[in-house]
């Protein structure tokens, strides 16, 4: 396992800096997560989003990171230091797998930030964390999220029908995943 310093080090993409969330991010996070469309496309973000939920989330994130069970990052646009979203890996160590989860602020939708960050976290998960599988799910009525998963190299694996309840109604989850061997083969095929 990597030392704590490496686990906390920021990750870079062409346009983004992915770094651990901090108390200084509160105003920017609250500006986005309070939007109804963010809650509608995620399973666990409440709506309305109470301000005290940020501190609870921050504490839970620190605890999960310390236990090696989650690595959550804010996505910072390098050109102007604007926080555009959040993405992370929720680790299941026994099975050497992780679930990729994310949200992007509504004003930043459709600009490729989720895809760019997802590709970087998939690489990091297999390379630095030694995972065997990374998977993600999205609500069936949010196909844009599925396109992000496909562009990150994941394959469609199926639909879990009425698998969860969100806002008191059953929702289908569409599943995507990528295995270490698929990731390695794709990297070998790169020019």
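Residue numbers (the numbering used here): 18 to 208.
All residues carry an ideal CB built from backbone N, CA and C; glycine is no exception.
Is there contact between the segment 128-145 and the segment 109-120, where contact requires at least three CB pairs shorter than 8 Å?
At 8 Å Cβ cutoff, the stretches touch.
My output table needs one value for residue 171: the three-state DSSP class, helix, strand or coil.
Here residue 171 sits in coil by DSSP.
Determine the closest residue to residue 68 out of 91, 42, 54, with distance taken between C-alpha atoms.
It is 42 whose Cα lies nearest to the Cα of residue 68.
Between the alpha carbons of residue 51 and residue 30, how many angstroms are there, rounded?
Cα-Cα distance, rounded: 27 Å.
So what's residue 37 in DSSP terms, helix, strand or just coil?
Reduced to three states, the DSSP call for residue 37 is strand.
Pick helix, strand or coil for residue 185, following the three-state DSSP scheme.
In this structure, residue 185 counts as coil in the three-state DSSP scheme.
Would you mind reading off the limits of the beta strand (DSSP E) that contains residue 118?
Counting along the chain, the beta strand (DSSP E) containing residue 118 begins and ends at 114-121.
For residue 12 and residue 97, I'd like the C-alpha separation in whole angstroms.
The question about residue 12 has no answer, for the chain in this structure spans 18 to 208.
Below 8 Å on the Cβ atoms is my contact criterion, and I expect residue 75 with residue 40 to pass it. Report the Cβ-Cβ distance as a whole number of Å.
Rounded, the Cβ-Cβ distance is 6 Å, consistent with contact.
I'd like to know whether the C-beta atoms of residue 5 and residue 116 end up nearer to each other than 9 Å.
Residue 5 is absent from the model: the chain starts at 18 and stops at 208.
Does the distance from the C-beta atom of residue 195 to that of residue 178 stay below 9 Å?
No, these two residues do not count as a Cβ contact at 9 Å.
Let's see if you can read the secondary structure: which residues bound the alpha helix (DSSP H) around residue 55?
Taken as a continuous stretch (DSSP letters only), the alpha helix (DSSP H) holding residue 55 covers 53-58.
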